[in-house]
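Residues -9 to 146 in the working numbering are what the sequence shown spells out, letter by letter.
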Amino acid sequence: MEPTRAAFFDLRDGHRCHRSRQAVRQAAERHRSAGDLLVLVAAPPDACERPHAEAEHGVAALGVGPDLVVHRGPEQPGCSPGDPAMVTVVEAIILLGLDASRCFGYVNHTDGLRTLSVVGNPRVVCLDPELTEHASSRGWPVLVEEAALDHPSDTP
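Below, the structure written as structure tokens:
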């Protein structure tokens, strides 16, 4: 039996790019149609504020319910900002028995670059200059640009 693939979406509300919403939804629909797991990477619930605000944003951005919501750990002193999400994705890949080279990653913020480095199919979903520079130098697709061209090459 062929191993399952997963698409990890680390989409932060504060970094949302309006033009990327359609591209993210199309990607989620393609992954759902292909039978891939949809995994939302979210901040840990905050008991003081709206506890699941980031997860709610992520579900709204995907347009479909994820199969799994994983919460990135808290940032630790001396660690890069993207480390908790990257560690969470690696742990999920291991625990689910997935092949990282077959997994997809979608981010809309520069802290997500570390997450993109651990999946075989990284995708940038916003036209942030720093993100697009990294994507361009590594040959990663930028979904907003593809959506604007109306022929996305983000085939799962």
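Even glycine gets a Cβ: it sits at the ideal position worked out from N, Cα and C. Source: prediction; values computed, not measured.
_Limits of the alpha helix (DSSP H) - the one that VAL80 falls within_ = As a position in the sequence shown, residue 80 is number 90, starting the count at 1. Residues 73 to 85.
Subject >> At least 3 beta-carbon pairs within less than 8 Å: the region 92 to 102 vs the region 12 to 31 >> reply: yes
Helix, strand or coil: how does DSSP classify VAL14 here? Along the sequence shown, read from residue 1 onward, the residue named residue 14 stands at position 24. Here VAL14 sits in helix by DSSP.
Next on the checklist: I believe LEU27 touches PHE(-1) by the beta-carbon criterion, under 8 Å. Please report the beta-carbon distance rounded to the nearest angstrom.
Outcome noted: As a position in the sequence shown, residue 27 is number 37, starting the count at 1. As a position in the sequence shown, residue -1 is number 9, starting the count at 1. That belief does not hold up - the Cβ atoms of LEU27 and PHE(-1) are roughly 11 Å apart, past 8 Å.
task: Indicate whether ARG92 and PRO74 have their beta-carbon atoms separated by less than 9 Å.
output: Within the sequence shown, numbered from 1, the residue matching residue 92 stands at position 102. Within the sequence shown, numbered from 1, the residue matching residue 74 stands at position 84. Not closer than 9 Å, so no.
So VAL109 and THR122 are in contact, right, with Cβ under 8 Å, and what is the actual spacing, rounded? Here residue 109 is taken as the residue at index 119 of the sequence shown, counted from 1. Here residue 122 is taken as the residue at index 132 of the sequence shown, counted from 1. Not a contact, Cβ separation roughly 18 Å.
Measuring straight from C-alpha to C-alpha, what distance separates ALA18 and LEU133?
Position 28 of the sequence shown holds residue 18. Position 143 of the sequence shown holds residue 133. Going from the Cα of ALA18 to the Cα of LEU133 covers about 12 Å.
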